[in-house]
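Residue -9 is where the sequence shown starts when you use the working numbering, and the numbers rise one by one after that.
By construction, the Cβ of each residue, glycine as well, lies at the ideal position given by its N, Cα and C atoms.
Here is the structure we will look at, set down as structure tokens.
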Amino acid sequence: MHHLAARYFRNAHLSMLWAVVWTCCANAALAQVAAPPSRQVLIVVWDGMRPDLMTEKNCPTLWQLGKQGVTFRNHHSVYPTATNVNGTALVTGVWPARSGIIANHEYRPEIDNRRVSDVENPAVVRKGDEIYAGKYLAVPTISELVRAAGGQSVIAAAKTVGLLQDRHLVRDQNGVTLFSGLMQTRESLTALVSRLGPFPASSYAQKDSWTTKALTDVFWK
């Protein structure tokens, strides 16, 4: 998994956009999330995008951003090299054995003894937190740590994996988690849809664009 951590932007939200392969509110509550602190840190993660694809011709904006920063030459995905496993490692800073997410699909009989579960499925995540006393992920994520310290966070993901990045949000709790066109509260989602229209049903590119627009045009305003 290739990932890029952009250095700094103007405000201090911690924001995360999951894009390309996975793919790739406008109400008072969202206005509170978008209040501009002093600095903004952005983490962008692409699934399945090899470093050799990041050229000036293929993606000039990303290429230029990379030229202004630092490139790590000695790095590798955690094992196994699966989307949810590596995404969780990035936002927790721990190995899969410690975070508890060791595959994209796992058989956990205490959650469902009849079939393998998608680890990022909202129903699976909710049941896992019920069973494990809020420790479906055994350690906190970056977003949760930022909010615990009094900061604000925004998660924007075009697939359900975004829920793993910050699943403990309640209304007016210094953050937003948008995943696969869903949010934790119906009110927040309704307000977002009124601004952007419904989440696209099929095209990955359209889902990515919709999610990006939610991040840049709504949550950062």
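If you reduce the DSSP assignment to three classes, tell me which class residue i lands in.
i: residue 35; result: strand
i: residue 155; result: helix
i: residue 102; result: coil
i: residue 110; result: coil
i: residue 196; result: helix
i: residue 127; result: coil
i: residue 227; result: Since the first residue of the chain shown is -9 and the last is 211, residue 227 is not available in this structure.
Once you ignore the five residues that flank residue i on each side, which residues in its own chain have a CB closer than 7 angstroms to its CB?
i: residue 84; result: 129
i: residue 118; result: 101, 126
i: residue 98; result: 107
i: residue 68; result: 75, 76, 79, 85, 86
What are the start and end residues of the beta strand (DSSP E) that includes residue i?
i: residue 168; result: 165 to 169
i: residue 146; result: 143 to 147
What are the boundary residues of the alpha helix (DSSP H) that residue i is part of?
i: residue 54; result: 50 to 57
i: residue 177; result: 176 to 186
i: residue 91; result: Looking at the DSSP string, residue 91 is not in any alpha helix (DSSP H), and its letter there is neither H nor E.
i: residue 137; result: 132 to 138
i: residue 79; result: 73 to 82
Excluding five sequence neighbours on each side, which residues of the same chain lie with their C-beta closer than 8 angstroms to the C-beta of residue i?
i: residue 154; result: 74, 77, 78, 81, 91, 109, 110, 115, 127, 131
i: residue 186; result: 200, 203, 204, 207, 208
i: residue 188; result: 171
Assuming residue i contacts residue j under a Cβ cut-off of 8 angstroms, what Cβ separation, rounded to an integer in Å, is found between them?
i: residue 107; j: residue 120; result: Actually they are not in contact, since the Cβ atoms of residue 107 and residue 120 sit about 14 angstroms apart, beyond 8 angstroms.
i: residue 179; j: residue 172; result: 7 angstroms
When the Cα of residue i is compared with those of the options, which residue comes out closest?
i: residue 44; options: 61, 30, 29, 206; result: 61
i: residue 35; options: 140, 151, 93, 98; result: 151
i: residue 123; options: 193, 158, 86; result: 158
i: residue 164; options: 46, 37, 88, 134; result: 134
i: residue 166; options: 187, 142, 183, 191; result: 142
i: residue 112; options: 71, 63, 168, 66; result: 168
i: residue 64; options: 41, 55, 138; result: 41
i: residue 194; options: 210, 29, 37; result: 37
i: residue 30; options: 174, 175, 188, 144; result: 144
i: residue 174; options: 139, 146, 136; result: 146
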